[in-house]
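Let me begin by presenting the structure, written as structure tokens, before commenting on it.
Numbering (this note's numbering), first residue to last: 72 to 324.
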């Protein structure tokens with residue numbers, strides 16, 4: 072904003088509900104499986120195509136891998152942008168009730184039956200249990216205008232997260248608190264994404280490398296997850312709202 076000429080700018084990041092998303096949470100989960108969580112509305116910007124491509128390759132050599140995906144999208148005009156990706160084929164069909172046929176689409180894109188669970192659109196109050204049941208989370212977003220609330224909730228839950236080093240994710244990444252995707256190339260603009268300054272095209276092989284590291288060295292992964300949880304303690308809603316009110320009061324006198 073300041074680069075665009077706005078000089079009176081104060082940034083207050085969104086917060087997370089730290090009564091729900093905590094590293095101490097436990098859930099029954101999926102015994103015997105290495106669970107990978109991916110959340111966010113399905114679209115090209117969110118880069119679920121990168122998740123699919125990396126998981127597809129990872130699962131070939133790690134048959135215990137299980138992908139939990141919460142990719143519901145209430146904006147059906149944006150969802151088909153995912154089909155532009157060279158990593159996957161097509162986009163999910165939209166059912167009569169507006170939901171996405173994710174499972175059929177994933178099968179068509181080479182994921183074996185039983186290797187994934189389509190969570191649909193679980194209410195936020197239930198998401199903590201899916202995160203607590205997971206071993207890792209992937210967010211290879213090409214762009215994040217905010218700080219990616221789902222990634223924040225995963226970090227607050229103590230999960231080792233894979234984050235692309237661009238746009239809003241840069242406000243979450245600190246030394247040792249995540250597995251960072253540095254190998255990025257420019258994103259080619261196309262409608263409706265015409266302004267792509269600061270975006271990054273993640274590298275599938277780097278995602279795969281990080282997944283393998285997490286799987287093979289879970290002690291380090293746990294430490295990074297705890298570091299992420301410590302980072303997110305600064306982003307509790309109570310503290311963020313208090314900061315916002317301070318600045319609002321300064322403006323209103």
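Backbone N, C-alpha and C define an ideal beta-carbon position, used for all residues, glycine too.
It should be emphasised that the depicted structure is a prediction, and the values quoted were computed from it without experimental measurement.
Query	Result
Residue 86 - DSSP class collapsed to helix/strand/coil	coil
Cβ-Cβ distance between residue 178 and residue 184 below 8 Å	yes
Continuous beta strand (DSSP E) assignments of at least 3 residues falling wholly in the region 239-320	250-252
Integer Cβ distance of residue 270 from residue 238, believed to fall under 8 Å	7 Å
Inter-residue spacing [alpha-carbon to alpha-carbon] between residue 113 and residue 120	9 Å
Nearest neighbour of residue 319, chosen from 73, 79, 75 and 72 [CA to CA]	79
Residue span of the alpha helix (DSSP H) that contains residue 178, given as start and end	173-179
At least 3 beta-carbon pairs within less than 8 Å: the region 100-108 vs the region 121-138	yes
Residue 322 (DSSP reduced to helix, strand or coil)	helix
Span of the alpha helix (DSSP H) around residue 125	119-132
Closest by C-alpha distance to residue 231, when choosing among 295, 317, 129 and 307	295
Residue nearest to residue 262 in terms of C-alpha spacing, selected from 98, 154 and 145	154
Counted within 10 angstroms of its Cβ, other Cβ atoms place residue 122 as buried (16 or more) or exposed	buried
Beta strand (DSSP E) runs wholly inside the region 188-241, at least 3 long, in chain order	207-210 and 232-235
Residue 252, buried or exposed, once every other Cβ within 10 Å from all chains shown has been counted against 16	buried
Neighbourhood of residue 244 by C-beta, 7 Å cutoff - its chain only, sequence neighbours within 5 removed	234, 236 and 251
Buried versus exposed, by CB contacts within 10 Å (16 or more), residue 304	exposed
Anticipated Cβ contact below 8 Å, residue 109 with residue 200, distance rounded	With 8 Å as the limit, residue 109 and residue 200 do not qualify as a contact, their Cβ atoms being about 16 Å apart.
Residue from 145, 321, 196 and 182 with nearest C-alpha to residue 111	145
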